[in-house]
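Working notes for the structure below.
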Amino acid sequence: MKKLIFLVLFMVMVIPAGTICAKDTIQMSISYPGAPGAEEDLAAKQFEKWIKERTKGQIEVKLFGSEQLGKEVDIVSGLQLGSVDMAIMGTTIHEQAAPKYNIWSAYYIFGSSDEVAHILNGTIGQKANAEMLKNKGIRMIGYGLRGPRNLTSNRPIKDPKDVKGLRIRIPLQPIYVESWKELGAQPVAISYGELYLALKQGVVDSQENPLSYIYTPAFYEVQKYVNVTEHQRSFFSYVVSEKFFQSLTPDLQKVIIQTGKDITLFHNNLQSQMENQWKQKLIDKGMIFVESDQAAFKKKLIDIPNKFAAQWAPGLYQEIQKEINEYQAKKKR
Numbered sequence: 061m062k063k064l065i066f067l068v069l070f071m072v073m074v075i076p077a078g079t080i081c082a083k084d085t086i087q088m089s090i091s092y093p094g095a096p097g098a099e100e101d102l103a104a105k106q107f108e109k110w111i112k113e114r115t116k117g118q119i120e121v122k123l124f125g126s127e128q129l130g131k132e133v134d135i136v137s138g139l140q141l142g143s144v145d146m147a148i149m150g151t152t153i154h155e156q157a158a159p160k161y162n163i164w165s166a167y168y169i170f171g172s173s174d175e176v177a178h179i180l181n182g183t184i185g186q187k188a189n190a191e192m193l194k195n196k197g198i199r200m201i202g203y204g205l206r207g208p209r210n211l212t213s214n215r216p217i218k219d220p221k222d223v224k225g226l227r228i229r230i231p232l233q234p235i236y237v238e239s240w241k242e243l244g245a246q247p248v249a250i251s252y253g254e255l256y257l258a259l260k261q262g263v264v265d266s267q268e269n270p271l272s273y274i275y276t277p278a279f280y281e282v283q284k285y286v287n288v289t290e291h292q293r294s295f296f297s298y299v300v301s302e303k304f305f306q307s308l309t310p311d312l313q314k315v316i317i318q319t320g321k322d323i324t325l326f327h328n329n330l331q332s333q334m335e336n337q338w339k340q341k342l343i344d345k346g347m348i349f350v351e352s353d354q355a356a357f358k359k360k361l362i363d364i365p366n367k368f369a370a371q372w373a374p375g376l377y378q379e380i381q382k383e384i385n386e387y388q389a390k391k392k393r
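Residue numbers (our numbering): 61 to 393.
As structure tokens, then:
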């Protein structure tokens, strides 16, 4: 939070969001959580390149990776205030800005990244985007699929009973907490930036993340097993502060919108190419991949979404299930 307060003061006193700081130059800050080399870091750099080229230098992008500007919940506030111009972030954006559509955090909702993309590109995704803009003044311009989340540990986790008593660091969204408690684990709140040390010192036994988020912070130095639970398939949201967006000329707004569409394709192609590379890199570092019983985990957690259904848009869970079933049926034809 201190980082965000500093940024707010800095932007107000020196470079108010979306204003011209030098002749014909607009400063645009982009926050994202990933370390150098992660998919969103590479995608952010590509976005920066395209914006510079397409605006002929009118917009100068400043990148702030590795949570430099604060945690995601603080970044949401920054986007709303206009002190952060753009962010690439996980499901926290829906938890904070479109809670009626925060179903993305539920485990085993989606069986593939294609299913996630299908829902995001359809009416449900459009409704979620409209809710975000209405509630917080945050505009969704694109998304980047993430690899499935897997559980790391220092003992193999083959089925749900192996989770009992495990002290696990998770993002403290209520549905995450409820899911791991149902499995018998002890959820712990630790920031991602402090997680390596917490694993090393034994404050927690395990954590769960996509493979890229296991490799880039070198968790292979403090964890032995990657348990292939694939319990969540999610995405990064590319979001822009509406205050910043409305400060731009119509032509520059069009550039932002089109670049958001293009970065979606770029990010998703990149993620697809890199997933197997991340796995091989982790194997090369000595990590052992364990094929966990995903069906058993799913069966154990199947009723969790129903406990949160009242918080979501009416019938959302059932609507997504229906959409996915129809999508899969069409693929088989």
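No residue lacks a Cβ here, since even glycine has one placed at the ideal position from N, Cα and C.
Please specify which runs of the beta strand (DSSP E), each continuous and at least 3 residues long, are wholly inside the region 169-227, giving them in chain order. Fully enclosed beta strand (DSSP E) runs of 3 or longer: 198-205 and 209-213.
With Asn385 as the anchor, note down where its alpha helix (DSSP H) starts and where it stops. Here residue 385 is taken as the residue at index 325 of the sequence shown, counted from 1. Per DSSP, Asn385 belongs to the alpha helix (DSSP H) from Leu376 to Lys392.
Going by C-alpha distance, which of Gly94, Val264 and His154 is nearest Val299? Position 239 of the sequence shown, counted from the first residue, corresponds to residue 299. Ranking Gly94, Val264 and His154 by Cα distance to Val299 puts His154 first.
Name the DSSP beta bridge partners of Met149, please? Walking along the sequence shown from the start, residue 149 turns up at place 89. Per the DSSP secondary-structure output, Met149 pairs in a beta bridge with Ser297.
Whole angstroms is fine: what's the gap from Lys391's alpha carbon to Gln292's? Reading the sequence shown from its first residue, position 331 is the one you call residue 391. Reading the sequence shown from its first residue, position 232 is the one you call residue 292. Approximately 22 Å between the Cα atoms of the pair.
According to the Cβ coordinates, are Leu361 and Tyr167 closer than 8 Å? Residue 361 sits at position 301 when you count from the first residue of the sequence shown. Residue 167 sits at position 107 when you count from the first residue of the sequence shown. At a Cβ-Cβ threshold of 8 Å, Leu361 and Tyr167 count as neighbours.
Below 8 Å on the Cβ atoms is my contact criterion, and I expect Gln267 with Leu255 to pass it. Report the Cβ-Cβ distance as a whole number of Å. Residue 267 sits at position 207 when you count from the first residue of the sequence shown. Residue 255 sits at position 195 when you count from the first residue of the sequence shown. With a beta-carbon spacing of about 6 Å, Gln267 and Leu255 fall inside the 8 Å limit used to define contacts.
Considering Ser332, what are the terminal residues of the alpha helix (DSSP H) in which it resides? Taking the first residue of the sequence shown as 1, we reach residue 332 at position 272. Start and end: Pro310 to Asp344.
Return the chain-ordered ranges of every beta strand (DSSP E) run that is complete within the region 242-293 and spans a minimum of 3 residues. If we require 3 residues or more, the beta strand (DSSP E) runs fully inside the region 242-293 come out as 246-248, 266-269 and 285-292.
For Thr151 and Tyr203, what's the separation of their Cα atoms in angstroms? Along the sequence shown, one-based indexing puts residue 151 at 91. Along the sequence shown, one-based indexing puts residue 203 at 143. A direct Cα-Cα distance of roughly 11 Å separates Thr151 from Tyr203.
Three or more beta-carbon pairs under 8 Å between the region 346-366 and the region 272-290, yes or no? Taking one beta carbon from each stretch, the region 346-366 and the region 272-290 have 3 or more pairs nearer than 8 Å; the two touch.
Residue range of the alpha helix (DSSP H) that Ile86 falls in? Taking the sequence shown and counting its residues from 1, the one referred to as residue 86 is at position 26. Annotation: Ile86 is outside any alpha helix (DSSP H); the continuous beta strand (DSSP E) that includes it extends over Thr85 to Ser91.
Give the single residue among Glu386, Tyr387, Glu379 and Asn385 whose Cα lies nearest to the Cα of Tyr161. Your numbering for residue 161 matches position 101 in the sequence shown. Relative to the Cα of Tyr161, the nearest Cα in the group Glu386, Tyr387, Glu379 and Asn385 belongs to Glu379.
Beta-carbon spacing of Ile228, Asp265 below 8 Å: Taking the sequence shown and counting its residues from 1, one reaches residue 228 at position 168. Taking the sequence shown and counting its residues from 1, one reaches residue 265 at position 205. Yes. Within cutoff.
How should Leu325 be labelled, buried or exposed, when 16 other C-beta atoms within 10 angstroms of its C-beta is the threshold for buried? For the purposes of this step, residue 325 is taken as residue 265 along the sequence shown, with counting starting at 1. It is exposed - the Cβ of Leu325 has fewer than 16 other Cβ atoms within 10 Å.
Compare the Cα-Cα distances from Gly94 to each of Gly125, Asp84 and Gln106 and report the closest residue. Here residue 94 is taken as the residue at index 34 of the sequence shown, counted from 1. The candidate whose alpha carbon is nearest that of Gly94 is Gly125.
Anticipated Cβ contact below 8 Å, Tyr280 with Met200, distance rounded: Looking up residue 280 in the sequence shown gives position 220. Looking up residue 200 in the sequence shown gives position 140. No, Tyr280 and Met200 are not in contact; Cβ-Cβ is about 34 Å, not under 8 Å.
Spatial neighbours of Pro220 within its chain, please: CB distance less than 7 Å, with the 5 preceding and 5 following residues excluded, ordered by chain position. What you label residue 220 is simply residue 160 of the sequence shown in a count that begins at 1. Leu243, Ala356, Phe357 and Lys360.
Buried or exposed for Asn210, going by 16 or more other Cβ atoms inside 10 Å? Locating residue 210 in the sequence shown gives position 150, where the first residue counts as 1. So Asn210 ends up on the buried side.
Give me, in chain order, the residues of the same chain whose beta-carbon lies closer than 7 Å to that of Ile317; leave out the 5 immediate sequence neighbours on both sides. Within the sequence shown, the letter at position 257 stands for residue 317. Counting only Cβ-Cβ distances below 7 Å, and skipping sequence neighbours, we find Ile201.
Under the assumption that Gly185 contacts Ile179 (Cβ atoms under 8 Å), give the Cβ distance between them as a whole number of angstroms. By 1-based counting over the sequence shown, the position of residue 185 is 125. By 1-based counting over the sequence shown, the position of residue 179 is 119. About 6 Å separates the CB atoms of Gly185 and Ile179; that is less than 8 Å, so the two are in contact.
Provide the residue span of the alpha helix (DSSP H) that contains Ile111, from first to last. By 1-based counting over the sequence shown, the position of residue 111 is 51. Element bounds for Ile111: Glu99 to Arg114.
Just to check my reading of the structure: Val263 and Ala245 have Cβ atoms closer than 8 Å, yes? What is that Cβ distance to the nearest angstrom? Sequence index remark: in the sequence shown, residue 263 carries index 203 (1-based). Sequence index remark: in the sequence shown, residue 245 carries index 185 (1-based). Their Cβ separation, rounded to whole angstroms, is 15 Å, which puts Val263 and Ala245 out of contact at 8 Å.
Under the assumption that Ser307 contacts Gly197 (Cβ atoms under 8 Å), give the Cβ distance between them as a whole number of angstroms. Along the sequence shown, read from residue 1 onward, the residue named residue 307 stands at position 247. Along the sequence shown, read from residue 1 onward, the residue named residue 197 stands at position 137. Actually they do not touch by this definition, with Cβ atoms about 12 Å apart.
Have a look at Gly253, Leu205, Gly117 and Asn214 and flag the residue whose alpha-carbon is nearest the alpha-carbon of Met334. Taking the sequence shown and counting its residues from 1, the one referred to as residue 334 is at position 274. Checked all of Gly253, Leu205, Gly117 and Asn214; the closest Cα to Met334 is Leu205.
Proximal residues to Ala82 (C-beta, below 7 Å), its chain only, five neighbours per side dropped: As a working note, residue 82 is residue 22 in the sequence shown. Reliability of the predicted coordinates at Ala82 is poor, the pLDDT of 43 falling under 50, and the value obtained from them is presented with this limitation in mind. Spatial neighbours of Ala82 in its own chain (CB-CB distance under 7 Å, excluding positions within 5 residues in sequence) are not present.
Does Ile362 come out as helix, strand or coil in the three-state DSSP assignment? Counting from one through the sequence shown, the residue named residue 362 turns up at place 302. Coil, per DSSP.
Which two residues bound the contiguous beta strand (DSSP E) that contains Ile348? Within the sequence shown, the letter at position 288 stands for residue 348. The continuous beta strand (DSSP E) containing Ile348 extends over residues Ile348 to Val350.
C-alpha gap between Lys321 and Thr276, whole angstroms: Here the question's residue 321 lines up with position 261 in the sequence shown. Here the question's residue 276 lines up with position 216 in the sequence shown. Whole-angstrom Cα-Cα distance: 26 Å.
Within its chain, find whatever has a CB closer than 6 Å to the CB of Glu120; leave out the 5 residues flanking it on each side and keep chain order. On the sequence shown, residue 120 is found 60 positions in, with the first residue counted as 1. Taken in chain order, the residues that qualify are Thr85 and Gln87.
Going by DSSP, what residues sit across from Leu123 in a beta bridge? Working through the sequence shown from its first residue, we reach residue 123 at position 63. DSSP output for Leu123 lists Ile90 as bridge partner(s).
On a Cα-Cα basis, can you pick out the residue from Gly97, Arg114, Ala158 and Lys218 that is closest to Leu271? As a working mapping, residue 271 is identified with position 211 in the sequence shown. Checked all of Gly97, Arg114, Ala158 and Lys218; the closest Cα to Leu271 is Gly97.
Is Ile384 near the ligand GDP, judged by its Cβ being under 7 Å from some heavy atom? Summarising the ligand content, the structure contains no ligands, and the ligand GDP is consequently not present.
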